[in-house]
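The sequence shown maps to residues -31 to -1, 1 to 708 in mature numbering (1 follows the signal peptide of the UniProt record, and there is no 0).
Just so you know, even glycine gets a beta-carbon here, dropped at the ideal spot from N, CA and C.
Shown next, in structure tokens, is the structure this report addresses.
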Amino acid sequence: MSIVHCRPAARHLAGALLLSVAPAALMPALAQETAPQNPPETAQEAAPAASPDAVRELAPITVEATGESADGPVEGVFATRSATATKTDAPIAETPQSITVVPAAAIEARNANSVAEALRYATGVTTENRGGSVSRYDMFTVRGFQVNREYLDGLQLQYNGWYAIPQIDTSMIERVEVLKGPASVLFGNSPPGGLVNLVSKRPQDTASGKVSVGIGTNKLREATVDTTGPLDDEGEFSYRLIAKAHSKDGQAKTTEAERVLVAPSLTWKPSDRTSLTVLTHYQRDPKSGSYGAVPSLGSAFDNPLGQLDPDFYDGDVNWEEFDRTQIAAGYEFEHSFDDTWTVRQNFRYLETDIDYRSVYPTALAGDNRTLGRASIYSDERTKSFAVDNQIQAKFTTGPIEHTLLAGLDYWKLNSDAEIGYGAAPTLDLFAPNNNQPIASIAPSRRWDFDHHQTGIYVQEQLKWGGLTVLAGGRKDWYERDDTELLSGTPADLEQDNFSGRVGALYRFENGIAPYVSYAESFEPQSGTDFAGTPFKPTTGQQTEVGVKYLSLDESVMVTVAAFDLYKQNVTTRDPANPAFNIQTGEIRSRGVEVEGHLDLTNGLGLSAFYTFLDTEYTKDNTGLVGKTPVWVAKHNASLWADYTFDQDTIPGLKVGAGARYTDGSWVDAANSRQLDPFTLFDASIEYDLGAITADLEGTSVRLNGSNITDKRHVAGCFSSGWCWFGEERAVTLTVAHEW
């Protein structure tokens, strides 16, 4: 595919056009309360008027079934619908690309406190790359490639590439969805391994609420409120309010983590064809554990002087800070003109501010105990917004059903960052003094960031009997206008790219559905080669074949996928000019994923996941050919089962247990040493106190444990000097009341 620079005039025209499409332009539709053009023909409407002599018939009873929606709660063990792969409400069993959905019920049952923890049970994902002490960010790889940006309700959570990374609390999340493989056809720049989309909890038409308090290891204290329901008798307005307070000690000694969250939302439905949902949240994290690391000697491998404990702290109490404030406000607007045409606009404004201070390791001395260290600070203020305009047409041509989608989206980020680097005293691994004077630091860099992207996309979903065909294309214009203010050096970038996707699936009457798909992705790449030629975006191409199965009673769902994925235009050293890079590098990732869910009426639920991943450099000029990138495990497997006892055995009791196996990843890019594999066990037990007395109806007690055997393990390494212990045993007792 050809890469050309976007002309500024065209770019600004596209941005102006996009911003002109505002809800105000669609507000006349809100005022129209006309009946649908093709109202449903009930028996009363279709029947002729009866004569006085006619036999009197009873009025029929109309039953309306409301099934699962792509942005709503999941009933049971697994989801059957998703909008992440297509931006439309589509059956997962009829989508020719692999998708994993972790519903809110599973997040709660496993007591997952972050998205990274929620993805412990998923295919294609190696999660918690920086272990148990680093919980301020959700860090994971998908199909062998690091995913450094999440999406919330289909809109990217932007950050400036440094430390002001937003994090969404799991109490706000209805479902975590992982789309495997390239996704640029609908979302623009994104890594080739896939993307993670978080779906917010929304206002519900039925009044309900839940209050919970919890205590646990590491002095955990938390309280959560989640209440929702209609605001008027007609059901035109509904609300949701989520609030949370959380405090605990970090895994690393002397560190702490605190969070306060308030997330109100409101839905307005003036008619059955129009809805507007406003979603907001305020989140403050005054403290957020440690961002430090440990050397591989003494953690992953034996140090002749002794081993480090998983709570080892490499930092200093005099220079440890992470204070993040996150504010977001947005809306989702949808209007259906008739049974064919629907328009949608999704918008979000996001602010993320951080004050960060840390002392981090540099190298372990030859005596195997003296740890060299340095200091850093970063003060960042980021403001961004994203908007996605869509128009959808659903129609038929003969026996063929069409869902045609076209969209224009735009996002923009402005950020200021001041970053400084300094010296720090050494640390004795086996007699650490974490209370030493740290000299103040002068700023090393002051950045002014201005990033924006405009994308236009078209997608067709065609269904003919059991055959589903999915095809689409997207054109993106990406621009970055950055300036390093201390030197006045600009760092501008303009790139554009076309991405495509095509797939086909055939679902037989017995529920078996083989499929094949091809998809592309891109990521902007800064820098120039020796000749001064700007680099092109890195690109990803994936071919995937698989089989999906959804039983006719929707109690069993299985997905088996095999994929071959390439990342190209990777920078590597220029042999003729070693001080410069050229874009001849390539990484290949291929593998097999197996995911299965069982949801039986006798109270048994089962979810199983297995991933085989073969990821390696296939082209490189620095000796990496045949090597596997860090944070990539060749084998991953997990299993979770839960059982709800019936009234004839132990009424009110529900138990769950899980096991997670992670193969050893490599310590460094050179693959000099490999980490040990590890298996961790989790468990939960919940009892509904309403089974004892009606006075306690809706009240429950739940005990959760993760890594219940307290297995000492190293979750991942970036180099021999930077490794991270996995989470130690964590136990939480939660008392909740629902109504």
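- By the neighbour-count criterion, in which 16 or more other beta carbons inside 10 Å mark a residue as buried, residue 407 falls on the buried side.
- Using a 10 angstroms sphere on the CB of residue 190, the tally of other CB atoms stays under 16, which defines it as exposed.
- In the DSSP annotation of this structure, residue 599 is not part of any alpha helix (DSSP H), being labelled neither H nor E.
- Pairing residue 578 with residue 606 gives a Cβ-Cβ distance under 8 Å.
- The beta carbons of residue 78 and residue 97 sit about 19 Å from each other, so the pair does not count as a contact at 8 Å.
- In the three-state scheme derived from DSSP, where H, G and I count as helix and E and B as strand, residue 306 is classed as coil.
- In the DSSP assignment, residue 420 is bridged to 382, 449.
- Within 10 angstroms of the beta-carbon of residue 160 lie 16 or more other beta-carbons, which makes it buried.
- Take residue 157, set aside five residues on each side of it, and the residues of its chain with a beta-carbon closer than 6 Å to its own are 422, 424, 445, in chain order.
- With respect to the C-alpha of residue 631, the residue from 223, 567, 265, 89 having the closest C-alpha is 89.
- The C-beta of residue 274 has fewer than 16 other C-beta atoms within 10 Å across all chains shown, which makes the residue exposed.
- Sequence-distant Cβ neighbours of residue 593 in its own chain, meaning closer than 7 Å and more than five residues away, are 586, 638.
- Judged by DSSP secondary structure, residue 534 falls within the beta strand (DSSP E) whose first and last residues are 525 to 542.
- CA-to-CA, the gap between residue 679 and residue 441 works out to about 48 Å.
- For residue 466, DSSP records a beta bridge to 445.
- Contact check for residue 266 against residue 337 passes: the beta carbons are separated by less than 8 Å.
- Annotated three-state conformation of residue 328 is strand, per DSSP.
- For residue 225, the enclosing beta strand (DSSP E) stretches over residues 225 to 240.
- Per the Cβ contact rule, the region 566 to 582 is not in contact with the region 542 to 552 (fewer than 3 Cβ pairs under 8 Å).
- In this structure, DSSP gives residue 660 a helical state, which the three-state scheme calls helix.
- Selection 377, 297, 131 evaluated against residue 349 yields 131 as nearest (Cα-Cα).
- If you check the CB distance, residue 139 and residue 81 come in under 8 Å.
- Here residue 619 is exposed. Its C-beta has fewer than 16 other C-beta atoms within 10 Å.
- The secondary-structure analysis by DSSP pairs residue 79 with nothing; it has no beta-bridge partner.
- Within the model, the alpha-carbon separation for residue 402 versus residue 222 is close to 12 Å.
- Assignment of beta-bridge partners to residue 570 by DSSP yields no partner.
- A straight-line Cα-Cα distance of about 24 Å links residue 666 and residue 652.
- Beta-bridge partners of residue 705 (DSSP): 181, 669.
- With a cutoff of 8 Å on beta-carbon distance, residue 106 and residue 136 are scored as near each other.
- Setting aside the 5 residues that flank it on each side, residue 691 is surrounded in the same chain by 262, each with a C-beta closer than 6 Å to its C-beta; the list follows chain order.
- The C-beta separation of residue 506 from residue 497 comes to about 14 Å, leaving the pair out of contact by the 8 Å criterion.
- Between residue 490 and residue 152, the beta carbon gap of about 6 Å places them in contact (Cβ cut-off 8 Å).
- Comparing alpha carbon positions, the residue from 688, 333, 522, 383 closest to residue 479 is 522.
- Sequence-distant partners of residue 648 (beyond 5 residues in either direction) whose C-beta falls short of 6 Å from its own C-beta, in its chain, are 630.
- When the Cα atoms are used, residue 71 and residue 144 turn out to be separated by approximately 5 Å.
- Counting only runs of 3+ residues, the beta strand (DSSP E) found wholly inside the region 59 to 135 occupies 68 to 72, 94 to 96, 109 to 111, 114 to 116, in chain order.
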